[in-house]
Amino acid sequence: IAGITQAPTSQILAAGRRMTLRCTQDMRHNAMYWYRQDLGLGLRLIHYSNTAGTTGKGEVPDGYSVSRANTDDFPLTLASAVPSQTSVYFCASSQQGYSYNEQFFGPGTRLTVL
Amino acid sequence: KQEVTQIPAALSVPEGENLVLNCSFTDSAIYNLQWFRQDPGKGLTSLLLIQSSQREQTSGRLNASLDKSSGRSTLYIAASQPGDSATYLCAVSLILTGGGNKLTFGTGTQLKVEL
């Protein structure tokens with residue numbers, strides 16, 4: 060089934076630990092995004108990538124890093140997790156020039172940092 | 002900075018009613034506007050996308066309108082059903098340098114359709 064997969068589904072992490080959230084899409088979209096969703100704040104963009112090999116910062120990039128080695132994968136890394144990074148993380152993708160860059164979302168990763 | 006507001010925050014209606022969800026945004030220089038549905042504990046499902054040059058878009062029982070100059074969009078749901086119960090999110094799009102687009106989201110309207 061075409062779409063976006065994210066792993067893990069959920070994770071409990073001790074503060075200070077390193078964690079990588081995985082995101083893979085099979086739609087061959089050029090652009091990919093990471094958002095976090097927090098109660099009362101909605102979804103906010105963390106990082107994005109317009110195409111393989113390029114990345115950019117969103118609204119809330121501090122404490123996160125990303126890489127885009129190929130078209131399909133866009134991992135998000137927390138180098139040293141802190142409790143304020145407890146959130147639900149969504150990966151999304153879009154294709155430039157297709158359907159006006161409509162974004163499609165993965166099922167999310169629920170992360171708890173203790 | 003773009004801000005998106007959705008009113009009401011929560012809405013409960015009896016089955017069969019027609020209803021309107023509202024979305025307003027502060028900066029009219031948008032590329033498009035998307036309406037999403039989110040079920041509890043799940044991801045976002047795209048419902049409708051309206052290009053900045055369009056006035057409305059329809060899909061089944063859903064109709065979304067856009068008035069870019071006034072910074073408003075509405076999502077109309079006809080003949081509501083219990084299966085429509087979910088949180089509805091509005092997001093406006095800004096093109097990023099290099100071709101992707103950034104979505105700015107409202108905090109959503111939580112809809113409950115009762116039997």
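Line by line, the protein sequences give chains A and B. Residues in the first sequence are numbered consecutively from 60, following the numbering used here. Residues in the second sequence are numbered consecutively from 2, following the numbering used here. All residues carry an ideal CB built from backbone N, CA and C; glycine is no exception. Just so we're clear, the structure is a prediction, and the values are computed from it rather than from any experiment.
Exercise. Report yes if the C-beta distance between A138/A and R77/A is below 7 Å; otherwise report no.
Key: For A138/A and R77/A, yes; Cβs fall inside 7 Å.
Self-check item: Per-residue contacts from T59/B into chain A (C-beta, under 9 Å)
Solution: Going along chain A, no residue has its Cβ under 9 Å from T59/B, so there is no contact; the nearest lies around 16 Å.
Quiz prompt | Exposure label - L90/A; buried when at least 16 CB within 10 Å | solution = The amino acid occupying residue 90/A in the given sequence is Ala; Leu does not appear at that position. That one is buried.
Quiz prompt | Cβ of Y11/A within 7 Å of any chain B Cβ | solution = Absent from the model: residue 11/A. The displayed extent of chain A is 60 to 173, so no value can be given.
Quiz prompt | 7 Å Cβ shell around H88/A - same chain, five flanking residues per side excluded | solution = S152, S153 and Q154
Self-check item: Simplified DSSP assignment, three categories, for N23/B
Solution: Look at N23/B here: in three-state DSSP terms it is strand.
Practice problem: Could you work out which residues of chain A lie near N23/B, taking near to mean beta carbons separated by less than 9 Å? | Solution: Going along chain A, no residue has its Cβ under 9 Å from N23/B, so there is no contact; the nearest lies around 15 Å.
Practice problem: For L98/A, count neighbouring C-beta atoms within 10 Å of its own C-beta (all shown protein chains included) and say buried if the count is 16 or more, exposed if not. | Solution: L98/A should be labelled exposed.
Quiz item: For N89/A, does the three-state DSSP call read helix, strand or coil?
Solution: coil
Exercise. Anything in the segment 148 to 168 of chain A with a Cβ closer than 7 Å to a Cβ of chain B? List those residues in chain order, please.
Key: Correct list: F149, S153, Q155, S158, Y159, N160, E161, Q162, F163, F164, G165, P166 and G167.
Quiz item: Quick one: what's R56/B bridged to in DSSP?
Solution: DSSP, once it has assigned bridges, lists no residue as partnering R56/B.
Practice problem: Classify D28/B as helix, strand or coil using the three-state DSSP reduction. | Solution: In the structure shown, the three-state DSSP call for D28/B is coil.
Practice problem: Verify whether the separation of the beta carbon atoms of Q65/A and D131/A is less than 7 Å. | Solution: No, Cβ-Cβ distance for Q65/A and D131/A is not below 7 Å.
Quiz prompt | CB contact below 7 Å: G62/A versus chain B | solution = no
Quiz item: Can you tell me the Cα-Cα spacing of G107/B and L72/A, whole angstroms?
Solution: 29 Å
Quiz item: Secondary structure at D132/A, three-state DSSP: helix, strand or coil?
Solution: Looking at D132/A - three-state DSSP - the assignment turns out to be strand.
Quiz item: Whose CA, out of N129/A, Y148/A, Y123/A and R127/A, lies closest to the CA of A140/A?
Solution: Y123/A
Self-check item: Where Q35/B meets chain A, residues with beta-carbon distance less than 8 Å
Solution: E161 and Q162
Quiz item: So which of P134/A, F163/A, G167/A and L173/A has the shortest CA-CA distance to G62/A?
Solution: F163/A
Self-check item: Chain-ordered chain B contacts of G99/A [CB-CB under 9 Å]
Solution: T108
Quiz item: Secondary structure at P83/B, three-state DSSP: helix, strand or coil?
Solution: In the structure shown, P83/B sits in a helix (DSSP, three-state: H, G or I).
Exercise. For A66/A, decide whether its Cβ has a neighbour in chain B, counting only Cβ atoms nearer than 7 Å.
Key: no
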